[in-house]
Amino acid sequence: MKILKQMHNIKLIISSFMMLALVMSCTNTDDDDIIIIDNEPDFSGTYAQEDQMGRPAVNTVFVSSSSKDMFNVTIPSEQNAAFQTMFQTNLEGLSPAYANPGDENALGLDSAAFTGLLATDVLNVSLDGTTTFYDGTNVLTGRALADDVITVELLLIFGGEDFSENPGLSNDNVDANDKPFLTSFPYLASPW
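Counting from 1 along the sequence shown, just add 104 to a position and that's the residue number in the numbering used here.
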C-alpha cells in the first residue's frame, strides 16, 4: 500500500510539473496586458540530491532505514560496493524464494547476483532494442509506461525459478493504469 501511495504521489508531482510548464508557456491574448514569463531555468545556487529511485521500490524495500540518506546521495557507480551486502541480507530475510543456498530467480540469478544488479539503482535503457522492464525475453532494458514494474519486481523477488513460488506475494494485482495512456506526447493521462 505504501508503494502504491508513493507511486500516486510521483504521478501527482509529474502532473503538477506538466501543468506548471503549460501555464508558464502561455501568454495573455489581450494586447494591453501581455504576460511574459522567462522560461529559462535558473541553475544558480547549490543543489543537493535528496532521493534516488532508478528502479521503483528498490530503494524503499532493500535499503535499511538507517542507510536511506547515505544510499540516496551515493553515486550509482559506488552503490554496489557499498550496499550489495545489505541488499542481499534484506532479500534473504524477506523472501522465502531465497531460503536455500543456490536458490535463483527466473533470470537465473542467485541472491548475491540479483542484489548486485539491484544495488546499482539505475534505470538501464536499450538504445537499439526493445524498451521494457520485462516482457518475457527482454529484462531491464528500459521502462515503458504500461510496464507492470511492481509485479515484475515481486515476481523476481518472491517467484522463484519459474515464477510459481509464493503466488500470494508475487503480484500487486494492479493490472492497468487508472486512465489509458495517450498515444502522443506527453503520453501520461491527464490528472483526474
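All C-beta atoms, glycine included, are put in the ideal place defined by N, C-alpha and C.
Residues near E154 by beta carbon distance below 7 Å, same chain, minus five either side: Position 50 of the sequence shown, counted from the start, is the residue given in the question as residue 154. N176, listed in sequence order.
Do Q183 and G220 have their beta-carbon atoms positioned less than 8 Å apart in this structure? To locate residue 220, count along the sequence shown from 1; it is residue 116. To locate residue 183, count along the sequence shown from 1; it is residue 79. Result no, Cβ atoms of G220 and Q183 do not sit closer than 8 Å.
At the level of alpha carbons, what is the spacing between N80 and V253? In the structure as shown, the chain starts at 105 and stops at 296, and residue 80 therefore has no counterpart that could be examined.
If you count every other CB in all the chains shown that lies within 10 Å of the CB of F237, and 16 or more means buried, which is it? As a first step, residue 237 is located in the sequence shown; it is residue number 133 there, counting from the start. The residue in question, F237, is buried, as its Cβ has 16 or more Cβ neighbours within 10 Å.
Measuring alpha carbon to alpha carbon, tell me which of T178, D214, A185 and S181 ends up nearest G263. For the purposes of this step, residue 263 is identified with residue 159 of the sequence shown, where counting begins at 1. Minimum Cα distance to G263 is reached at D214.
At least three beta-carbon pairs within less than 8 Å, the segment 194 to 204 to the segment 269 to 286: yes
Other residues of its chain near Y291: CB distance less than 7 Å, five sequence neighbours each side excluded: Along the sequence shown, one-based indexing puts residue 291 at 187. Contacts found: L249 and F285.
For T178, the nearest candidate out of E196, M157 and T193 (CA to CA): Taking the sequence shown and counting its residues from 1, the one referred to as residue 178 is at position 74. Closest by alpha carbon: M157.
Hey, L247 and L227 are a contact pair by Cβ (cut 8 Å); roughly how many whole angstroms apart? In the sequence shown, residue 247 corresponds to position 143, counting from 1. In the sequence shown, residue 227 corresponds to position 123, counting from 1. One point to set straight first is that residue 247 is Arg, not Leu, in the sequence displayed. Contact holds; Cβ gap of about 6 Å.
Please state the DSSP three-state secondary structure of K283. Position 179 of the sequence shown, counting from 1, holds the residue named residue 283. If DSSP states are grouped into helix, strand and coil, K283 belongs with coil.
Could you say which of S288, P295, T255 and G240 lies nearest to F279 if we only look at CA atoms? On the sequence shown, position 175 is the one that residue 279 refers to. The identity of residue 279 in the sequence shown is Asp, whereas the question assumes Phe. Nearest of S288, P295, T255 and G240 to D279, Cα basis: T255.
Between the alpha carbons of M128 and N143, how many angstroms are there, rounded? Within the sequence shown, numbered from 1, the residue matching residue 128 stands at position 24. Within the sequence shown, numbered from 1, the residue matching residue 143 stands at position 39. Reliability fails at M128, whose pLDDT of 46 lies under 50, so the model's placement of it is uncertain and the value that follows must be treated cautiously. Straight-line Cα distance between these residues: approximately 7 Å.
Kindly list the residues whose CB is nearer than 6 Å to the CB of L244, restricted to its own chain and excluding five residues on each side of it in sequence; keep chain order. Walking along the sequence shown from the start, residue 244 turns up at place 140. Result list for L244: N228, in chain order.
L63 vs L195 beta-carbon contact at 8 Å: Given a span of 105 to 296 for the chain in the structure shown, any question on residue 63 remains unanswerable.
For D162, which residues in the same chain have their Cβ closer than 7 Å to its Cβ, ignoring the five residues on either side in sequence? For this step, residue 162 is matched to residue 58 along the sequence shown. Before going on, a small fix: residue 162 reads as Val here, not Asp. Same-chain partners within the cutoff: L222 and D225.
Using the C-alpha atoms, what's the distance from L258 back to R159? Start at 1 with the first residue of the sequence shown, and residue 159 comes out as number 55. Start at 1 with the first residue of the sequence shown, and residue 258 comes out as number 154. Spanning the two alpha carbons is a distance of roughly 13 Å.
Using the Cα positions of A216 and E208, report the straight-line distance between them to the nearest angstrom. Counting from 1 along the sequence shown, the entry for residue 216 is found at position 112. Counting from 1 along the sequence shown, the entry for residue 208 is found at position 104. Those two C-alpha atoms are separated by around 10 Å.
Spell out the partners DSSP gives D173 in its beta bridges. Position 69 of the sequence shown, counted from the first residue, corresponds to residue 173. Partner(s): none; D173 has no beta bridge.
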